[in-house]
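Colleague: This is the structure I have questions about; it appears just below.
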Amino acid sequence: MTRLEPLTVPAARQTTANAAQGRFHDVEIILPQPDSPAAAQMICEVFRAANDLFPDSGYRTAVRNLASQMRNAPESWNPKTVIFLGGISSRWTLNSGEKASLQRICRQAQRCLFAGSAIFLLPESGLNAAVETAVHANFAAAAEEEQLICAPAGTLTATSGRISTAVSSFAALRLLAGFLRADRGAFIADAVCDYLGLAFGPASEQSRVSLQLRQTAGGDALVVKILDLMQQNLEEPLLIREIAQQAGVSPRKLERRFQQKAQTSPLTAYRKLRIEKARQLLLHTTLPLAEIVAATGFGSRSSLTEWFKREYKTSPQAFRKQYYADSHRAASLA
154 MTRLEPLTVP
164 AARQTTANAA
174 QGRFHDVEII
184 LPQPDSPAAA
194 QMICEVFRAA
204 NDLFPDSGYR
214 TAVRNLASQM
224 RNAPESWNPK
234 TVIFLGGISS
244 RWTLNSGEKA
254 SLQRICRQAQ
264 RCLFAGSAIF
274 LLPESGLNAA
284 VETAVHANFA
294 AAAEEEQLIC
304 APAGTLTATS
314 GRISTAVSSF
324 AALRLLAGFL
334 RADRGAFIAD
344 AVCDYLGLAF
354 GPASEQSRVS
364 LQLRQTAGGD
374 ALVVKILDLM
384 QQNLEEPLLI
394 REIAQQAGVS
404 PRKLERRFQQ
414 KAQTSPLTAY
424 RKLRIEKARQ
434 LLLHTTLPLA
444 EIVAATGFGS
454 RSSLTEWFKR
464 EYKTSPQAFR
474 KQYYADSHRA
484 ASLA
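Residues 154 to 487 in our numbering are what the sequence shown spells out, letter by letter.
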């Protein structure tokens, strides 16, 4: 499918079938009109993984756009989760027909998530709530002009009642983990995250770079604390002075101690952690390169490509292509 179908809803089923509908959790993923369904692939993968691991999870996903046909949807339509998935490079704007659809969806959904540029749909949604919003740095000025209540800089996600926001589609995965936990329990949520290679929070033991630095530093408490702060802020990297402030030391002491114990500078270590994360995302997700750039805080494709080449002697695109070629070859020989 190369383009999105209009947001339409199937006709109501027979009463006997409706009784069985209760166990299903319908998830609608809404994209801007020009976007390809591939933009929602990683989000869909989370719910698909839940169903694969636990067949009774009952998630059903659909990828749509905001079309005027939505105004004709049955009144009984009641999706449990709606995810508005915008990009991080340009604003999401509406025409009059789409605004009506947006308001209808938000009125009927049990919870709504607005990611990336979708935050600009909030004032038009009809939710009528003053919601603290997680805003990507690219949209900070525009969000203030729109009088959105912006969360502090560096905030990746925010939730208020049934409304959640995320700075990007990758950051939205954190919220999906929370949704799974609320819907199906911590065991299933953690299993899905492990299955997909998603690690949120410190989880330093899952980083080879972090493990090596900890070992070199002999488990020094300050170095460990600094590495944890770095791993918690890969998407929007902190300045060294900000890390020092959170660690309770001066920037000079931080840099001197880190260099002495870990045998490298904190800036070099931070960059290596972000490159390592980019490698993991290339291997274990289908996120486009632009989203991986955003998820690792490199600011531009050229910056990520430059540092990735220095570390792995190849470009991110060539690295992913070779990995999938090797995997396909291995599968064919099995």
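We treat Cβ as the ideally placed atom computed from N, Cα and C, and that holds for glycine.
1) Please state if the CB of S322 and the CB of I445 are separated by a distance shorter than 8 Å.
2) DSSP on N291, reduced to helix/strand/coil?
3) For T424, tell me which candidate among F273, Q433 and F451 has the shortest Cα-Cα distance.
4) What's the C-alpha gap between P355 and L434?
5) What separation, rounded to the nearest whole angstrom, lies between the Cα atoms of T439 and A431?
6) For L349 and H437, I'd like the C-alpha separation in whole angstroms.
7) Would Q470 be called buried (16 or more neighbouring beta carbons within 10 Å of its own) or exposed?
8) Among R257, L238 and A330, whose alpha-carbon lies nearest the alpha-carbon of D188?
9) For the candidate residues N291, L255 and A293, whose alpha-carbon lies nearest to that of P276?
10) Do you know whose CA, among F411, R427 and I341, lies nearest P99's CA?
11) With which residues is I428 paired in a DSSP beta bridge?
12) Starting from N218, follow the beta strand (DSSP E) in both directions and report where the run begins and ends.
13) To the nearest angstrom, how far is the alpha carbon of W460 from that of V180?
14) Hey, L280 and I316: beta-carbon distance below 8 Å or not?
Modeller: Reading off the structure:
1) no
2) helix
3) Here residue 424 turns out to be Arg, not Thr, going by the sequence shown. For R424, the nearest C-alpha among the options comes from F451.
4) In this prediction, P355 scores a pLDDT of 39, lower than 50, which makes its location untrustworthy; the coordinate-derived value is nonetheless stated afterwards. Roughly 17 Å between the two C-alpha positions.
5) 12 Å
6) 7 Å
7) exposed
8) L238
9) L255
10) This structure cannot speak to residue 99, because the chain is shown only from 154 to 487.
11) I428 pairs with nothing; no bridge assigned.
12) Y212 to N218
13) 37 Å
14) yes
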